[in-house]
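Residues in the sequence shown are numbered consecutively from 1, following the working numbering. Take a look at the structure below.
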Amino acid sequence: MKQPELGKKISELRKLKGLTQEQLVEMCNLNVRTIQRLEAGEVSPRNHTVKAIFEALEIDWVEAGKAEHQEKIEEEKSSEVNSIVKKAVPNLILLYLALAAGVINLILLFFESGLDVNPMKVDEVNVSTFWWVKAGVALLSTLFLAGMIKMTHIFPNRILRRTLWVMLIINAIFGSVELALGTELNLVILGFYIIRSIVFGSFFVLIGIGFLSYKNVWSNYTQIIGVLGVLSGVLIMSVIGAYFVSVPFTLFKLSQLGFLFWGITKIERTSSPDSTFSSQVTA
Numbered sequence: 001m002k003q004p005e006l007g008k009k010i011s012e013l014r015k016l017k018g019l020t021q022e023q024l025v026e027m028c029n030l031n032v033r034t035i036q037r038l039e040a041g042e043v044s045p046r047n048h049t050v051k052a053i054f055e056a057l058e059i060d061w062v063e064a065g066k067a068e069h070q071e072k073i074e075e076e077k078s079s080e081v082n083s084i085v086k087k088a089v090p091n092l093i094l095l096y097l098a099l100a101a102g103v104i105n106l107i108l109l110f111f112e113s114g115l116d117v118n119p120m121k122v123d124e125v126n127v128s129t130f131w132w133v134k135a136g137v138a139l140l141s142t143l144f145l146a147g148m149i150k151m152t153h154i155f156p157n158r159i160l161r162r163t164l165w166v167m168l169i170i171n172a173i174f175g176s177v178e179l180a181l182g183t184e185l186n187l188v189i190l191g192f193y194i195i196r197s198i199v200f201g202s203f204f205v206l207i208g209i210g211f212l213s214y215k216n217v218w219s220n221y222t223q224i225i226g227v228l229g230v231l232s233g234v235l236i237m238s239v240i241g242a243y244f245v246s247v248p249f250t251l252f253k254l255s256q257l258g259f260l261f262w263g264i265t266k267i268e269r270t271s272s273p274d275s276t277f278s279s280q281v282t283a
């Protein structure tokens, strides 16, 4: 403990014991002027001086040192965590937009699946409907992924962050191909959707692994997200299993939205003046 905190602490302990400065001097063989200057924070005493005062006040010097060290660690940890999260406060708008995009995108995905389940009949679909659904899914997915990438900076996870970045690029490539070819994609539709299923399925598995790599973040919730991601990815990758993936995939998407919402509330709570942030972030 450094000055002036040390002086204030000694003064508080002395008064708590009902002692005057003169009485404390007699008990620890120091002069009054030393005690006065020490309590005023004017001097930094040597360890043996502080030890003598603490012993006179019947305070365990070793335990006091341990408590001080632990308090310092907690303060540094709290300061580091709050610093990380408070830097994210300006990005709350992006996270809110990502959350909204994720919800709308999940709804649009059901419409998109109607276009994908019977790919050989794409020419029967209204061109305008096809274009708007595909464009909406591509743009909303991009915004959602951007929000999730930001979350991996706030709650550090290098594996998940890198996977999401590549997923963002892959999403843009496949989305551009679909928008460029439109309903004419039926010429090569079967091969295209097989490739897309394998690629996206692989990355869903990697995203799941990324969530599994989280430790002590929101209890075991991230582990559940990870398992759902891996399961969804494997089913989509198998192509045939893609017809049975709707339930685990929907749960996977909903759980990611839950994770995003949890992150937003955590940041908002931390940004308030009287908040304290859990040590989960540093895991």
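Glycine is no exception: its CB is placed at the ideal position from the N, C-alpha and C atoms.
*Stretch-stretch touch, CB-based, cutoff 8 angstroms, three pairs: the region 248 to 260 with the region 133 to 143*: no
*Which same chain residues, not among the five before or five after G210, have their C-beta less than 7 angstroms away from its C-beta?*
N157, I159, L160, T163
*With 16 other CB atoms within 10 Å as the buried threshold, where does A40 fall?*
exposed
*Quick one: is the Cβ of C28 within less than 7 angstroms of any heavy atom of the ligand GTP?*
For the ligand GTP, the structure offers nothing, since it holds no ligand at all.
*When the Cα atoms are used, what is the spatial distance from I93 to F192?*
Answer to the nearest angstrom: the Cα atoms are 36 angstroms apart.
_Inter-residue spacing [alpha-carbon to alpha-carbon] between R196 and G241_ = 14 angstroms
*DSSP on S255, reduced to helix/strand/coil?*
helix
*Between the beta-carbon of F228 and the beta-carbon of G208, is there less than 8 angstroms?*
Correcting the residue identity first, residue 228 is Leu in this sequence and not Phe. Yes. Within cutoff.
*Tell me whether Y243 is buried or exposed, calling it buried when 16 or more other Cβ atoms sit within 10 Å of its Cβ.*
exposed
*In three-state DSSP terms, what is K215?*
DSSP places K215 in coil when its eight states are reduced to three.
*With a threshold of 16 other CB atoms inside 10 Å of the CB of K266, please say whether the residue is buried or exposed.*
With 16 or more Cβ atoms within 10 Å of its Cβ, K266 is classed as buried.
*Close-in-space but distant-in-sequence residues of the same chain around L57 (CB under 7 angstroms, 5 per side omitted)*: L13, R14, K17
_Can you tell me where the alpha helix (DSSP H) holding N47 begins and where it ends?_
Counting along the chain, the alpha helix (DSSP H) containing N47 begins and ends at 47 to 56.
*Less than 8 angstroms between the CB atoms is what I'm expecting for F259 and T222, so what's the real figure, rounded?*
7 angstroms
*Excluding the 5 residues preceding and the 5 following F203 in the sequence, name in chain order all residues of the same chain whose CB lies nearer than 6 angstroms to its CB.*
M167
_Cα-Cα separation between I169 and K9, rounded to whole angstroms_ = Taking the straight line from one Cα to the other gives about 58 angstroms.
*Under 6 angstroms Cβ to Cβ from L95, same chain only, skipping five residues before and after it: list those, please.*
G147, I264
*With a CB to CB cut of under 8 angstroms and the five nearest residues on each side skipped, what residues in its chain are close to L179?*
Once the five neighbours on either side are set aside, the close Cβ partners of L179 are W131, K134, A135, A138.
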